[in-house]
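Engineer: Residue numbering for the sequence shown follows our numbering, beginning at 6 and increasing consecutively.
For each residue, glycine too, the CB sits at the ideal point set by N, CA and C.
Quick one: the structure is below, questions incoming.
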Amino acid sequence: MPADALETPLERVLGAKTARALTRAYEVRTVGDLLSLFPRRYAHRGELTPIRFLHPGEQVTIVAEVVETREREMRARHGKITEARITDGQGFLTLTFFNQPWRAAELQPGARGVFSGRIGEYRGSLQLAHPDYELFAAEPAAGTDRRRDTADRDHGDASEASDAPVVDEAADDQADAWARQPLPIYPATSTLPSWKTANSIGIVLDGLADLPELLPEAVRRRHRLLDRRAAFEAVHRPKDDAQLRVGLRSARFEEAYVLQTALLRQRAELETQHAEAFPHVPGGMLDELDRILPFDLTAGQRAVGETISAELSQGSPMNRLLQGEVGSGKTLVALRAMLQAADGAGQAALIAPTEVLATQHLASLHGMLGHELWQRLMPQLITGSLPTAQRRHAALAVASGRSRLIVGTHALLSDSTQFENLALVVVDEQHRFGVEQREALKAKGVHHPHVLMLTATPIPRTVAMTVFGDLDISSLHELPAGRRPVASFVVPLAEKPAWIERVWQRLAEEVEKGRQGYIVAPLIDDAEAAAPGAVGASGTGTAVGASGVPAQRWSVDRVLRVLAEHPATRHLRVAALHGRMKPEEREQVMRDYVERRLDVLVATTVIEVGVNVPNASAMVVFDADRFGVAQLHQLRGRVGRGEHPSLALFVTTAAEGTPTRARIDAVANTTDGFELAELDLSLRREGDVLGATQSGSRSQLRALQVTRDAKIIEQARQAAHEQLQTGEPLPEALERAIRAAVAETDEHYLSAS
6 MPADALETPL ERVLGAKTAR ALTRAYEVRT VGDLLSLFPR RYAHRGELTP IRFLHPGEQV
66 TIVAEVVETR EREMRARHGK ITEARITDGQ GFLTLTFFNQ PWRAAELQPG ARGVFSGRIG
126 EYRGSLQLAH PDYELFAAEP AAGTDRRRDT ADRDHGDASE ASDAPVVDEA ADDQADAWAR
186 QPLPIYPATS TLPSWKTANS IGIVLDGLAD LPELLPEAVR RRHRLLDRRA AFEAVHRPKD
246 DAQLRVGLRS ARFEEAYVLQ TALLRQRAEL ETQHAEAFPH VPGGMLDELD RILPFDLTAG
306 QRAVGETISA ELSQGSPMNR LLQGEVGSGK TLVALRAMLQ AADGAGQAAL IAPTEVLATQ
366 HLASLHGMLG HELWQRLMPQ LITGSLPTAQ RRHAALAVAS GRSRLIVGTH ALLSDSTQFE
426 NLALVVVDEQ HRFGVEQREA LKAKGVHHPH VLMLTATPIP RTVAMTVFGD LDISSLHELP
486 AGRRPVASFV VPLAEKPAWI ERVWQRLAEE VEKGRQGYIV APLIDDAEAA APGAVGASGT
546 GTAVGASGVP AQRWSVDRVL RVLAEHPATR HLRVAALHGR MKPEEREQVM RDYVERRLDV
606 LVATTVIEVG VNVPNASAMV VFDADRFGVA QLHQLRGRVG RGEHPSLALF VTTAAEGTPT
666 RARIDAVANT TDGFELAELD LSLRREGDVL GATQSGSRSQ LRALQVTRDA KIIEQARQAA
726 HEQLQTGEPL PEALERAIRA AVAETDEHYL SAS
């Protein structure tokens, strides 16, 4: 038996068949995994779910009451259909069963329960064919108005019998408890309805012994938290709402405490490590860069630069995240730090998420450095697709120390790349430089380099605390002089289909002014647009406009055809850019665009971050409903990077009044990235803070939701800090939980790379 009962494999408790079903549905393998699968919501037996909000094709779990049951002969073949009509008090739904006559005996009028299945439609009415269901036990009689018939019992005169009702108080209490008990509703699949998961969890709880505690007793008392065993019981089998509330709070606090302890300890351990100091060298390359820059640094750039410079001068590793608006000058701040390292005979590496962005960064650095500094630094580009001879030449320059500035993808961390003296690692966008990456460098003889991470996606404070709690964070809020705000508009094709003509005309007008434009589509070709997986704004396989008529999704190929045929745009110089192209083809297209041999670039989100073309003034995003808040803001940031007025057009078939349309409208109405970050966070599913939805894996956060639980996270962080300050060893159960949390987080960021 494992030291912790939560580590027990599910097959030992539930059997192999049930365990396999749960693993396939939820990726749970142990008792602890299953108990950490928290209900997505709770219903009450006295609470009816609105059937009128259901739509065909949805997998649903509802609470309802049977109002009618009937049988009828099938017309086309032999047999009978059993139909049960259920209601939630606002709408009706028909349950249909073929050749299962016993259902009529179970589904009697007045029976209430939970019904699960995929919504269908027959002759204009919603139905569930062969749904899974679980009926509630008969509701206890409340206030039974039974009369004591003394005349019959005592053979006395009937007129002397008492007419006073006898109230069964025990039945009243039982009925009240029955109605108040929350009913957990778990995520359901076509093969695993909610109550089957609930039954499995019940079996696990029935056999679960006391568990080792993760939280110190003093912390539990101070915050009025349940022990672990009681918290699981309260979350999965609550007796009433009050018990549920304290159970959920206990589970959320424990999860936050584990995560904060892990982050704070990582931070403390890093601070004890030794790193080479690289103080500012007066008259060095950093000072030369400041001298030749044709503009002044913003106040924010100066302040952040001073902070980074001070940390590079210390003997412990810098571990800082720099967040800032699109175009706020993060790259220049990073370059100044890289030059400070190079002045001290160190090397600096800039890691970009894609080869296109790595190439863009190198070109941007060349423009800022000028010829003389470029020659002194000998910058090198290292990516996975470099020809062998070119990569060997670059690797030799890096290994010998002749190159002081290296730009590339995560190929920089491969075994074939050796550094002479790596002082600073700058990681740009979408990547976390964590424990595993540090170990990869350590194995190559690079010990504890300074690390600066850059992101153009502003991070809400609660997310920063939850995800980046081991980092110091700096922010750039102001835009450099000369940057113009981007005028943003929604093109609502659901209500105004004719407006698409103005999109092509507006794009042509920008080109006539000597400007350039981008068009972004979510798909590459028409085959993708027609595929079942091409999810529309309505959540179905096809986009649906306000009229209910399917709308064809936009692809790069479709945009190219329209541009070639439309009178306003057929004369434009156009090219495509997407991930299926060979790296050398993508590089040539970007080179042609930067050098103004192209008017319009039609692309996927490969241009989402890092691309810097000051002459580009128009961004058109087709099927904007397919993109998140952060993506739309990033795409908009590709324009407005020069002195010219710029615009962004978000084209969508999402109908007015829908949540999808509200999201797009919100992006169009503000260019404040920090405001949009809070909006983005509020729109995400519970726990989806680390981006797990994009990778298709379970979210790392189980009970915790950063938009709701900021206070709990702060309290847990303070409690974790106080516990670590004591210097006492952590309980073994907490150590195991920390190892699991760290492994999950690092695994996610590695998979993203």
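Figure out for me which residue from 82, 101 and 57 has the closest Cα to the Cα of residue 94.
Structural biologist: Per the Cα distances, 57.
Engineer: Would you mind sorting residue 287 into buried or exposed? The rule is 16 or more other CB atoms within 10 Å of its CB.
Structural biologist: It is exposed - the Cβ of residue 287 has fewer than 16 other Cβ atoms within 10 Å.
Engineer: Given that a residue counts as buried once 16 or more other Cβ atoms are within 10 Å of its Cβ, and exposed if not, what is residue 24?
Structural biologist: Buried is the call here.
Engineer: Would you list the residues sitting across from residue 137 in a DSSP beta bridge?
Structural biologist: Paired residues: 121.
Engineer: Roughly how many whole angstroms lie between the Cα atoms of residue 13 and residue 525?
Structural biologist: C-alpha separation (whole angstroms): 49 Å.
Engineer: Take residue 565 and list the residues in its own chain whose beta-carbon comes closer than 8 Å to its own, dropping the five residues that flank it on each side.
Structural biologist: Hits under 8 Å: 579, 581 and 607.
Engineer: Name the DSSP beta bridge partners of residue 581, please?
Structural biologist: Paired residues: 607.
Engineer: Expressed to the nearest angstrom, what Euclidean distance is found between the alpha-carbon atoms of residue 275 and residue 322?
Structural biologist: Their Cα atoms are separated by approximately 7 Å.
Engineer: Can you tell me which of the three DSSP states residue 366 falls into?
Structural biologist: Correct three-state label for residue 366: helix.
Engineer: Out of curiosity, what's the CA-to-CA distance linking residue 194 and residue 722?
Structural biologist: Those two C-alpha atoms are separated by around 36 Å.
Engineer: How should residue 401 be labelled, buried or exposed, when 16 other C-beta atoms within 10 angstroms of its C-beta is the threshold for buried?
Structural biologist: Its Cβ having fewer than 16 others within 10 Å, residue 401 is exposed.
Engineer: What distance in whole Å lies between the Cβ atoms of residue 454 and residue 430, which are believed to be in contact at a cut-off of 8 Å?
Structural biologist: So it is a contact: roughly 5 Å between Cβ atoms.
Engineer: With H, G and I counted as helix, E and B as strand and the rest as coil, what does DSSP make of residue 588?
Structural biologist: Helix at residue 588.
Engineer: Taking just the CA atoms, how far does residue 119 sit from residue 199?
Structural biologist: So the two alpha carbons sit approximately 9 Å from each other.
Engineer: Please state the DSSP three-state secondary structure of residue 130.
Structural biologist: Three-state result, residue 130: strand.
Engineer: Relative to the C-alpha of residue 329, which candidate in 619, 228 and 478 has its C-alpha closest?
Structural biologist: Among 619, 228 and 478, the Cα nearest to that of residue 329 belongs to 478.
Engineer: Whose C-beta lies closer than 8 Å to the C-beta of residue 310 among residues of the same chain, with five residues either side of it excluded?
Structural biologist: For residue 310, where only same-chain residues beyond five positions count, the Cβ hits under 8 Å are 302, 338, 341 and 342.
Engineer: What residues in its chain sit with their C-beta under 6 Å from that of residue 349, if we drop five residues either side in the sequence?
Structural biologist: Around residue 349: 283.
Engineer: Do you know whose CA, among 26, 247, 503 and 726, lies nearest residue 224's CA?
Structural biologist: For residue 224, the nearest C-alpha among the options comes from 726.
Engineer: Just grab the DSSP bridge partners of residue 76 for me.
Structural biologist: Per DSSP, 87.
Engineer: Out of curiosity, what's the CA-to-CA distance linking residue 561 and residue 584?
Structural biologist: Spanning the two alpha carbons is a distance of roughly 11 Å.
Engineer: For residue 248, tell me which candidate among 518, 185 and 264 has the shortest Cα-Cα distance.
Structural biologist: The shortest Cα separation from residue 248 among 518, 185 and 264 belongs to 185.
Engineer: Going residue by residue through the region 344-420, where are the continuous alpha helix (DSSP H) segments of at least 4 residues, counting only ones entirely within it?
Structural biologist: Listed in chain order, the complete alpha helix (DSSP H) runs (minimum 4 residues) inside the region 344-420 are 360-382 and 393-405.
Engineer: According to the neighbour-count rule (16 or more other Cβ atoms, all chains shown, within 10 Å of its Cβ), is residue 335 buried or exposed?
Structural biologist: It is buried - the Cβ of residue 335 has at least 16 other Cβ atoms within 10 Å.
Engineer: Using CA coordinates, which residue listed in 354, 388, 74 and 366 is at the minimum distance from residue 424?
Structural biologist: Residue 354 is the option with its Cα nearest to residue 424.
Engineer: Helix, strand or coil: which one does DSSP assign to residue 565?
Structural biologist: If DSSP states are grouped into helix, strand and coil, residue 565 belongs with the helices.
Engineer: Give the DSSP-derived three-state secondary structure of residue 524 in the structure shown.
Structural biologist: Strand.
Engineer: Report, in whole angstroms, the separation of the C-beta atoms of residue 577 and residue 605, which I expect to be a contact under 8 Å.
Structural biologist: With 8 Å as the limit, residue 577 and residue 605 qualify as a contact, their Cβ atoms being about 5 Å apart.
Engineer: Could you tell me which whole alpha helix (DSSP H) segments of length 4 or greater appear in the region 614-663?
Structural biologist: Counting whole runs of 4 or more residues, the region 614-663 contains the alpha helix (DSSP H) stretches 634-641.
Engineer: Compute the distance between the beta-carbons of residue 433 and residue 324, then report whether it is under 8 Å.
Structural biologist: Not a contact, by the Cβ cut-off of 8 Å.
Engineer: Confirm, please, whether the CB-CB distance from residue 660 to residue 668 is below 8 Å.
Structural biologist: Against a cut-off of 8 Å, the Cβ pair of residue 660 and residue 668 comes out as no contact.
Engineer: Report the rounded CA-to-CA distance for residue 333 versus residue 459, giving the unit in angstroms.
Structural biologist: Answer to the nearest angstrom: the Cα atoms are 11 Å apart.
Engineer: How far does the beta strand (DSSP E) with residue 477 in it extend, from its first residue to its last?
Structural biologist: Looking at the DSSP string, the run of the beta strand (DSSP E) that includes residue 477 is 477-481.
Engineer: Grouping DSSP H, G and I as helix and E and B as strand, with all else coil, what is residue 695?
Structural biologist: Low per-residue confidence applies at residue 695: pLDDT is 39, beneath 50, and the placement is therefore not dependable, though the value from the model is reported in the following sentence. The answer is coil: DSSP assigns residue 695 none of H, G, I, E or B.
Engineer: Is the separation between the beta-carbon of residue 513 and that of residue 573 shorter than 8 Å?
Structural biologist: Yes, these two residues count as a Cβ contact at 8 Å.
Engineer: By Cβ distance below 6 Å, which residues in the same chain neighbour residue 681 in space, the five residues on each side in sequence not counted?
Structural biologist: Within the same chain, residue 681 has close Cβ partners 634 and 638.
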